[in-house]
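Below you'll find the structure, written out as structure tokens, and then a few comments.
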Amino acid sequence: MAEKSKYTKRPDGRKFEELRKMTAKVGVVKEADGSAMFSFGEGKEATTAFAAVYGPRTLHPQHMQNPRTGILRVNYDMLSFSVNERARPGPNKRSKEISEVSKWALGNVLELKDFPNTVIDVFISITQANASTRCAGINAASMALAHAGVPMKELVGSVSIGKMDRTLVVDVNKKEEDYEEGEGPTDIAMAFTSRGQNVSLMQLDGKIRPKELKEAVEMGQKAAMEIIKVQTKALKDVRGDVKK
Amino acid sequence: MDQEEKTVKKKREIVVPGEIIVSGDEFLPGDGTERDGKDIVSKRYGLSDESGRLVKIIPLSGVFTARRGNVIIGRVSDLTFNGWLVDLGVASNGFLPLAECPRYINQNDMAEHFSIDDLMVAKISGVKGRGIDLTIKGRGLGKVEKGIIINVNSNKVPRIIGKEGSMISLIKEKSGCDITVGQNGLIWIKGNKIEDEILAKNAIGYIEEKPFIEGLTDKMEGWFKEEKK
């Protein structure tokens, strides 16, 4: 830590570097070509994201077709019942931004050269929100893309690192996101790839010192690898229809 | 990845993108894999399969990818001046040129042979960037007439056909139906009685439910005995 913290634990009793308990499952949407669920935390306190992948399929409108490569389209949607106060359904400024950054985070690992003029559609639905929704969304989408058999170089694991006053914490929840004492709250969403460990997403809300940022990235990388382990396990554990 | 992962494994295992399947210069990367230094890395989700030095991935899920030589069942979606556009259930359209018909067809009589929504058994003669070329020159290819069409997941087609066609010939024999399996997941069952066709359909449904069990052909024989009672 940059400075000795006056706390030893976080509001929900986790250690500073501890992720919430994760749940992951693939094949949750039968109609889709690939699908997955990912959640941080359990029960009422969880952030849960569902992702469904369709394609490669013909792209409409036709003017968007690219004869060199297939394209990726991501739609992030927070369902109206996902938060305590009913969220107005439909696209808004926030969901459009998150759709776009999720697309960037996932697009770099895909290899769509063999599918010219086509599109891969990814629909991310947040059924329950308790901070880090874009991270849960990216994690679910990464698994769903793999499950759909899309050629990709590696998986993507995403996590948010928060700063409460001067304490860095892994995988923030709503309470920590709204922490108002001292320097106030900071939330950094980041995503890493499984093999190259490259950064594919980094967004900063709030303020942070360069030295602390470096530390935050290291913490994020470690946490992302843990997430990728969970994703891998879920993908390999589809014994329901695979028996050796 | 762990040391364990790097040791040679002969068993088929589920791999995820970015996972090292085997390591060593002697191995060759096949479908769905790529070489990275010494390692053979998986590029897609599926079962890893080593046959000799060649390492490849058998897909478990995803949409059908058209390959040259595949027999498919498609639905005519449009007529053009020199051929038919055929919907194969994949991103790109199939195209059957007039010249690929076994006998001469006048351009004005095209609709008499295949009109919109007619089904055909065709072979893929080539896959180009923009589309899939089809032919109906060959045995067993042509228009789908009578019988029923069922739709299955295209990844389960190899199981339905079985090793060297063992499974499909068993179903054909037991049900007395003529069955054509399209690689894109459409299956044409044609029998003398509707009961026979339904029996064949149920048999295929049974395979679809449990696709990854060893010795499924033997189980299938037992299933037919049960059904015939």
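These protein sequences, in sequence, are chains A and B. Under the working numbering, read the first sequence as residues 1 to 244, first letter to last. Under the working numbering, read the second sequence as residues 245 to 473, first letter to last. All C-beta atoms in this analysis are idealised placements derived from N, C-alpha and C, irrespective of residue type, glycine included.
Checklist line | Extent of the continuous alpha helix (DSSP H) to which Y450 (chain B) belongs | finding: Taking the first residue of the second sequence as position 1, residue 450 (chain B) is located at position 206. I438 to E453 is the extent of the alpha helix (DSSP H) around Y450 (chain B).
Notebook entry, point to check: Can you tell me the Cα-Cα spacing of G333 (chain B) and G318 (chain B), whole angstroms?
Noted result: Position 89 of the second sequence, counting from 1, holds the residue named residue 333 (chain B). Position 74 of the second sequence, counting from 1, holds the residue named residue 318 (chain B). So the two alpha carbons sit approximately 8 Å from each other.
Next item on the list: Return the chain-ordered ranges of every alpha helix (DSSP H) run that is complete within the region 40-125 of chain A and spans a minimum of 4 residues.
Entry: 93-107
Checklist line | Complete runs of the alpha helix (DSSP H) confined to the region 275-362 of chain B [at least 4 residues] | finding: 354-357
Check: In whole angstroms, what is the alpha-carbon distance linking A2 (chain A) and N117 (chain A)?
Finding: Walking along the first sequence from the start, residue 2 (chain A) turns up at place 2. Walking along the first sequence from the start, residue 117 (chain A) turns up at place 117. Here the model assigns A2 (chain A) a pLDDT of 47, short of 50, so the residue's position is not dependable and the matter cannot be decided.
Note to self: Taking 8 Å as the threshold (C-beta atoms), are V122 (chain A) and A51 (chain A) in contact?
What the structure shows: As a first step, residue 51 (chain A) must be located in the first sequence, where it is residue number 51. As a first step, residue 122 (chain A) must be located in the first sequence, where it is residue number 122. Yes.
Margin query: Is it buried or exposed, W104 (chain A), if we count other Cβ atoms within 10 angstroms and call 16 or more buried?
Written below: Taking the first sequence and counting its residues from 1, one reaches residue 104 (chain A) at position 104. W104 (chain A) is exposed by the Cβ-count criterion.
Notebook entry, point to check: What residue from A:V159, A:S35, A:I227 and A:E17 has the CA that sits closest to D125 (chain A)'s CA?
Noted result: Taking the first residue of the first sequence as 1, we reach residue 125 (chain A) at position 125. This sequence places Ser at residue 125 (chain A); Asp is not what is there. Of A:V159, A:S35, A:I227 and A:E17, the residue nearest in Cα terms is A:S35.
Notebook entry, point to check: Does DSSP put Q221 (chain A) in a helix, in a strand, or in coil?
Noted result: The sequence position of residue 221 (chain A) within the first sequence is 221, counting from 1. Helix.
Check: Whose CA, out of A:E100, A:E45 and A:G184, lies closest to the CA of M202 (chain A)?
Finding: The residue given as residue 202 (chain A) occupies position 202 in the first sequence. Taking only the C-alpha atoms, the option nearest M202 (chain A) is A:E100.
Item checked: Within 8 Å, strictly: CB atoms of G262 (chain B) and S194 (chain A) -> Counted from its first residue, the second sequence places residue 262 (chain B) at position 18. Counted from its first residue, the first sequence places residue 194 (chain A) at position 194. Cβ atoms of G262 (chain B) and S194 (chain A): closer than 8 Å.
Next item on the list: Leaving aside the five residues before and after V83 (chain A) along the sequence, list all residues of the same chain whose C-beta is less than 8 Å from its C-beta, in chain order.
Entry: The residue you call residue 83 (chain A) lines up with position 83 of the first sequence. The answer, listed in chain order, is A129.
Next item on the list: Please list the partners that L235 (chain A) has in chain B, where partner means a Cβ-to-Cβ separation under 8 Å.
Entry: Position 235 of the first sequence, counted from the first residue, corresponds to residue 235 (chain A). By Cβ distance, chain B contributes I258, V260 and Y289.
Checklist line | Option nearest Y289 (chain B) by Cα separation, candidates A:T232, A:A146, A:R86 and A:E154 | finding: Here residue 289 (chain B) corresponds to residue number 45 of the second sequence, with the count starting at 1. Among A:T232, A:A146, A:R86 and A:E154, the Cα nearest to that of Y289 (chain B) is on A:A146.
Next item on the list: Say whether the region 176-195 of chain A touches the region 149-167 of chain A, bearing in mind that this needs 3 or more beta-carbon pairs closer than 8 Å, one atom from each stretch.
Entry: yes
Notebook entry, point to check: For V28 (chain A), does the three-state DSSP call read helix, strand or coil?
Noted result: In the first sequence, counting from the first residue as 1, residue 28 (chain A) sits at position 28. In this structure, V28 (chain A) counts as coil in the three-state DSSP scheme.
Check: Is D440 (chain B) near the ligand SAH, judged by its Cβ being under 7 Å from some heavy atom?
Finding: Of ligands this structure carries none, so the ligand SAH is not represented either.
Margin query: Along the region 123-153 of chain A, where does the CB come closer than 8 Å to a CB of chain B? Name the residues.
Written below: A146, H147, A148, G149, V150, P151, M152 and K153
Next item on the list: For the alpha helix (DSSP H) holding N282 (chain A), just list the boundary residues, first then last.
Entry: Residue 282 (chain A) cannot be examined here, being either before or after the span of chain A that is shown, 1 to 244.
Notebook entry, point to check: To the nearest angstrom, how far is it from the Cα of Y54 (chain A) to the Cα of S292 (chain B)?
Noted result: As a position in the first sequence, residue 54 (chain A) is number 54, starting the count at 1. As a position in the second sequence, residue 292 (chain B) is number 48, starting the count at 1. Rounded to the nearest angstrom, the two C-alpha atoms are 24 Å apart.
Next item on the list: Verify the CB distance criterion: does L155 (chain A) have a CB-CB separation below 8 Å to chain B?
Entry: Position 155 of the first sequence, counting from 1, holds the residue named residue 155 (chain A). Closer than 8 Å: yes.
Check: Roughly how far, in whole angstroms, is the beta-carbon of V169 (chain A) from the beta-carbon of R10 (chain A), given that I think they are within contact range, below 8 Å?
Finding: By 1-based counting over the first sequence, the position of residue 169 (chain A) is 169. By 1-based counting over the first sequence, the position of residue 10 (chain A) is 10. Between R10 (chain A) and V169 (chain A) the Cβ distance is about 6 Å, and since that is below 8 Å, they are a contact.
Notebook entry, point to check: Out of A:I71, A:K25, A:F40 and A:T58, which has the shortest C-alpha to C-alpha gap to P151 (chain A)?
Noted result: Position 151 of the first sequence, counted from the start, is the residue given in the question as residue 151 (chain A). Taking only the C-alpha atoms, the option nearest P151 (chain A) is A:I71.
Notebook entry, point to check: According to DSSP, is A189 (chain A) helix, strand or coil?
Noted result: Numbered from 1 along the first sequence, position 189 holds the residue referred to as residue 189 (chain A). Of the three classes helix, strand and coil, the one that applies to A189 (chain A) here is strand, per DSSP.
Check: Is the Cβ-Cβ distance between V320 (chain B) and D353 (chain B) less than 8 Å?
Finding: Along the second sequence, one-based indexing puts residue 320 (chain B) at 76. Along the second sequence, one-based indexing puts residue 353 (chain B) at 109. Cβ distance not < 8 Å, so V320 (chain B) and D353 (chain B) don't count as in contact.
Notebook entry, point to check: Should the region 371-381 of chain B be called in touch with the region 395-415 of chain B, which here means at least 3 C-beta pairs below 8 Å?
Noted result: no
Notebook entry, point to check: Does DSSP classify D422 (chain B) as helix, strand or coil?
Noted result: Start at 1 with the first residue of the second sequence, and residue 422 (chain B) comes out as number 178. Of the three classes helix, strand and coil, the one that applies to D422 (chain B) here is strand, per DSSP.
Check: So, does the CB of P56 (chain A) fall closer than 8 Å to a CB anywhere in chain B?
Finding: Translated into positions along the first sequence, residue 56 (chain A) becomes position 56. So, interface residue.
Check: Anyone know if the C-beta pair for A245 (chain A) and F40 (chain A) falls short of 8 Å?
Finding: Residue 245 (chain A) lies beyond the stretch modelled for chain A, which goes from 1 to 244, so this question has no answer here.
Next item on the list: Please work out which residues of its chain come closer than 7 Å, Cβ to Cβ, to V28 (chain A), disregarding the five sequence neighbours upstream and downstream, and give them in chain order.
Entry: Stepping through the first sequence from its first residue, residue 28 (chain A) is reached at position 28. Excluding sequence neighbours, V28 (chain A) sits near S35, A36, M37 and F50.
Check: Whose Cβ in chain B lies nearer than 7 Å to the Cβ of F50 (chain A)?
Finding: Stepping through the first sequence from its first residue, residue 50 (chain A) is reached at position 50. Under the 7 Å cutoff, chain B gives no residues; its nearest Cβ is about 17 Å from F50 (chain A).
Margin query: Can you pull the chain C neighbours of P303 (chain B), defined as C-beta to C-beta under 9 Å?
Written below: The structure shown contains no chain C; its protein chains are A and B.
Notebook entry, point to check: Quick one: what's got a C-beta closer than 6 Å to A136 (chain A)'s C-beta in the same chain, skipping five residues either side?
Noted result: Along the first sequence, one-based indexing puts residue 136 (chain A) at 136. Closer than 6 Å at Cβ, skipping near neighbours: F38, F40, T47 and A49.
Next item on the list: Take T23 (chain A) as the anchor and find which of A:P185, A:N139, A:G90 and A:M190 has the nearest alpha-carbon.
Entry: Sequence index remark: in the first sequence, residue 23 (chain A) carries index 23 (1-based). Among A:P185, A:N139, A:G90 and A:M190, the Cα nearest to that of T23 (chain A) belongs to A:N139.
Margin query: So, with DSSP's three-state summary, where would you put P261 (chain B)?
Written below: If you number the second sequence from 1, residue 261 (chain B) lands on position 17. It is coil, neither helix nor strand.
Check: Would you say D33 (chain A) reaches chain B, if we count a Cβ-Cβ gap shorter than 8 Å as a contact?
Finding: Against the first sequence, residue 33 (chain A) aligns to sequence position 33. Output row for D33 (chain A): interface = yes.
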